[in-house]
Amino acid sequence: MTSDPSPPAVGARQPVKVYLDANLLAAGFVRTLLLLSGPVAGHRAFWSPYAEREATRHQPKDATPIALVRELYDLEIVPDAPSPKPLRDTDEKDKPILAPAAAAGAAFVITANVKDFGANDLESLSMSAVHPDLFLTARLTSEEYRFVLDAIAEKRRRDPKTPATIHAAETPGKLPHLFLAHRDALGVDPKIRVGQPARSQFRGARCVRCAAVTPRSEALTEGLCPACRHHTGR
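When we follow my numbering, the leftmost residue of the sequence shown carries the number 821, and every step to the right adds one.
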């Protein structure tokens, strides 16, 4: 790979702010994909002190500290602020996640625990909770995904250290939809068992791909509005 490659041009998707839940901040590979894909897929990640503390508590001892990750990527940390609207059906342990995300204007909370965020709360806030597998699959083209893998591979000094081997060895278990979506483009078979997709991938009022708020009368099937479903052929 050549040094300092030019990223693919960002498409017509609306740039959005996304809040990363603590469970993703502590998940190194998935977190890296989300952070590196932001400039090409049109999203910018942030989180609050509460999420950073929770993630730090669950990190392996030899992992890069979350505060250092934030500094390296020049990311915003937002206050642990109250929600602009009352939270009624979100799990109590996740209200400190949803509240600052909403207060800071996030369109999405990216989380491994979608089911813990209340459907009524998300609708009232015009937000969605999305699993990273669905979020990355819906927003990344094969060209953009390859660019992100190139960026990861460039800094690797251990196997897997090429885009194809990273895709084959690390993506299948954690992000099965993303692996299958780009399997042909990368031309590899999985090196590990392809994981089972999370049962709950999406909940909320915003389309994952275009970020438009969709009326209740227009079902967001698999997180996509009717126009985006038509565009992707789903």
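Using N, Cα and C, we set each Cβ at its ideal position, and we do this for glycine too.
Going along the chain, which residues of its own chain have a beta-carbon closer than 8 Å to the beta-carbon of P992, five neighbours each way excluded? Within the sequence shown, the letter at position 172 stands for residue 992. So the qualifying residues of the chain are F999, P1010, K1011, I1012, R1013, V1014 and G1015.
Length of the line joining the Cα atoms of D909 and V1033: Here residue 909 corresponds to residue number 89 of the sequence shown, with the count starting at 1. Here residue 1033 corresponds to residue number 213 of the sequence shown, with the count starting at 1. C-alpha separation (whole angstroms): 20 Å.
Given A887, which residues of its chain have a CB within under 7 Å of its CB, disregarding the five upstream and five downstream residues? Position 67 of the sequence shown, counted from the first residue, corresponds to residue 887. For A887, where only same-chain residues beyond five positions count, the Cβ hits under 7 Å are E872.
At what residues does the alpha helix (DSSP H) containing R978 begin and finish? If you number the sequence shown from 1, residue 978 lands on position 158. R978 -> no alpha helix (DSSP H), and no H or E assigned at all.
Is the Cβ-Cβ distance between A932 and A847 less than 9 Å? Residue 932 sits at position 112 when you count from the first residue of the sequence shown. Residue 847 sits at position 27 when you count from the first residue of the sequence shown. Yes, the Cβ-Cβ distance between A932 and A847 is below 9 Å.
Can you list, in chain order, the stretches of the alpha helix (DSSP H) that have 4 or more residues and sit fully within the segment 859 to 921? 869 to 878 and 886 to 892
Report all residues from its chain with a CB closer than 6 Å to the CB of Y870; omit the five preceding and five following residues, and keep chain order. Looking up residue 870 in the sequence shown gives position 50. If we look at Y870 and ignore the five residues flanking it on each side, its Cβ neighbours are D900 and P916.
Whole angstroms is fine: what's the gap from A971's alpha carbon to A883's? The residue given as residue 971 occupies position 151 in the sequence shown. The residue given as residue 883 occupies position 63 in the sequence shown. Roughly 19 Å between the two C-alpha positions.
Kindly indicate which three-state DSSP category K994 falls into: helix, strand or coil? Start at 1 with the first residue of the sequence shown, and residue 994 comes out as number 174. Of the three classes helix, strand and coil, the one that applies to K994 here is helix, per DSSP.
Within 10 angstroms of the Cβ of L892, are there 16 or more other Cβ atoms? Answer buried if so, exposed if not. By 1-based counting over the sequence shown, the position of residue 892 is 72. Flag for L892 reads exposed.
For D824, which residues from the same chain have a beta carbon less than 7 Å from its beta carbon, with the 5 sequence-adjacent residues on both sides left out? As a first step, residue 824 is located in the sequence shown; it is residue number 4 there, counting from the start. Here the model assigns D824 a pLDDT of 48, short of 50, so the residue's position is not dependable, and the following value carries that caveat. There are no such residues.
Please check the pair A921 and Y839, which I expect to be a contact at CB under 8 Å, by giving their CB distance rounded to whole angstroms. Taking the first residue of the sequence shown as 1, we reach residue 921 at position 101. Taking the first residue of the sequence shown as 1, we reach residue 839 at position 19. Rounded, the Cβ-Cβ distance is 4 Å, consistent with contact.
Please identify the residue among R977, D953 and G858 whose C-alpha is closest to the C-alpha of P1017. Along the sequence shown, read from residue 1 onward, the residue named residue 1017 stands at position 197. The residue with the shortest Cα to Cα distance from P1017 is D953.
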